[in-house]
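Some notes on the structure that comes next.
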Amino acid sequence: MKAVEIRNLNYSYSDGTKALNNLSLSIPRYRRVALLGANGSGKTTLLQHLNGLLLPQDGSVTVMGYYPVDKKHVLKIRQLAGMLFDTPEDQLFSTTVAEDVAFGPRNLELDEQTVNSRVRRAMELAGITDLADKPPYNLSLGQKKRVAIAGVLAMEPELLIFDEPFSGLDPRFAAQLMDLLEKLFHQKCTIIITTHDVDMAYAWADHVIILSKGQVLAEGTAELLQDKDLMTEASLNVPMLATAFSGTDMAPRTPAEANQLLRFAQRKTKVL
Ligand SMILES: Nc1ncnc2c1ncn2[C@@H]1O[C@H](COP(=O)(O)OP(=O)(O)OP(=O)(O)O)[C@@H](O)[C@H]1O
Ligand SMILES: [Mg+2]
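Numbering (this note's numbering), first residue to last: 889 to 1160.
This is the structure:
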């Protein structure tokens, strides 16, 4: 079963801008997926089709194998596919943080005890327990993002769709969010993020999709990002580690891997 199946999707905004142009792609389940592309390439428009914020004008979108994204299935889709917006303030509207996080699970008509335990757990995971009684609109951007993330986690979705989750986060919470994504991935979630950080995508993703002008320019493993011509065509940079190790027989994807390989090479040289 595929997490996402998109066939010949077209989408034009009301002013005539064609944001998605006959786009097709297929994402297997249980993958860490990075969606990359220049500003305006269609990433947000595409993600908004995955949880029914936008409905296909032409073509089809299917989520988790058998749920077509259409008016009839939109509630089920939103339960399966949790979406973090690129502008978190657009998804916060309750008077307190705890109320905001509870909004989604309450709509699922769960009993109060289940709602409360989901809210507590989601707030702990997002590191916002101390903000529970604050009004969301007074928070900093990074804090709002954490509240929005907690709101998504409280729904316990199988498909996590995060639009630029790392922008505006301090390095410590960015690292915590990375650990959290890893934990959710091991709990059998499929995670799709957009990012402009090619180094992060290179280190993290096991499936990479590169968009250009509303179309899929390339799709595959993170090694795709080593291709300078492809990256130039997509107006992206080659990841730093790929540039640093190009022309060698080493291809570390994280600083820790690079360090290990270099130490190993150094030891080998000493022995020789
Ligand atoms: N509400 C809208 N009305 C008209 N055009 C829009 C609207 N939202 C997006 N667009 C246009 O659709 C195209 C795709 O935009 P989209 O936001 O999907 O790109 P993106 O890849 O997410 O960009 P970014 O990296 O800047 O977030 C762009 O040309 C954009 O100007
Ligand atoms: Mg966007």
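We put the CB at the ideal spot given by N, CA and C, even for glycine.
Just verifying my parser: in three-state terms, what is the DSSP assignment at residue i?
| i | result |
| --- | --- |
| F1050 | strand |
| T1078 | strand |
| Q1178 | This structure cannot speak to residue 1178, because the chain is shown only from 889 to 1160. |
| K964 | helix |
| P1023 | coil |
| I1016 | coil |
| N1004 | helix |
| A926 | coil |
| N1147 | helix |
| M1011 | helix |
| P976 | helix |
| P1140 | coil |
| P1127 | coil |
| D1087 | helix |
| L1118 | helix |
| A1042 | coil |
| T933 | helix |
| F1133 | coil |
| F981 | coil |
| E997 | coil |
| L938 | coil |
| L1057 | coil |
Should residue i be labelled buried (16 or more other beta-carbon atoms within 10 Å of its own) or exposed?
| i | result |
| --- | --- |
| N995 | exposed |
| K931 | buried |
| F981 | exposed |
| L963 | exposed |
| H937 | buried |
| Y1162 | Not covered by the structure: residue 1162. The range shown for the chain is 889 to 1160. |
| N939 | buried |
| A969 | buried |
| T1120 | exposed |
| P1140 | buried |
| Y1090 | buried |
| T1082 | buried |
| P976 | buried |
| K1033 | buried |
| P1045 | buried |
| S1100 | buried |
| G1135 | exposed |
| T1153 | In the sequence as presented, Thr is not what sits at residue 1153; that position holds Ala. Flag for A1153 reads exposed. |
| S929 | buried |
| A1063 | exposed |
| L1150 | exposed |
| R920 | buried |
I'd like to confirm the pairing. Which residues does DSSP put opposite residue i in its beta bridges?
| i | result |
| --- | --- |
| E1174 | Residue 1174 lies beyond the range of the chain shown here (889 to 1160); nothing can be said about it. |
| E893 | S914 and T950 |
| L908 | Y899 |
| R920 | I1079 |
| A969 | L1047 |
| P944 | DSSP lists no partner for P944. |
| Y955 | V951 |
Can you check which of these residues, the options, is closest to residue i by C-alpha distance?
| i | options | result |
| --- | --- | --- |
| K890 | Y918, L908 and L897 | Y918 |
| P899 | G947, A926, N927 and S914 | Rather than Pro, the amino acid found at residue 899 in this sequence is Tyr. If we check each option's Cα against that of Y899, G947 comes out closest. |
| A1146 | V1086, R895, D1018 and A1132 | A1132 |
| K1116 | E1107, L924 and V1126 | V1126 |
| G1102 | N896, L911 and Y901 | L911 |
| I1016 | Q967, V985 and R1006 | V985 |
| W1092 | Q1075, A1110 and A926 | A1110 |
| I915 | S1134, Q1148, P1143 and V1096 | V1096 |
| A1010 | M1043, L998, V951 and Y1025 | M1043 |
| L1029 | F1054, D1021 and F1050 | F1054 |
| V949 | V1040, D1021, E893 and I1098 | E893 |
| V885 | V1007, A926 and K906 | Residue 885 is absent from the structure shown; the chain starts at 889 and stops at 1160. |
| L1068 | A1106, L1048, H1084 and V951 | L1048 |
| R895 | T933, A990, D903 and P944 | P944 |
Check: Taking any heavy atom of ligand 2 as the mark, which residues have a C-beta closer than 7 Å to it, listed down the chain?
Finding: K931, T932, D974, D1051, E1052 and T1082
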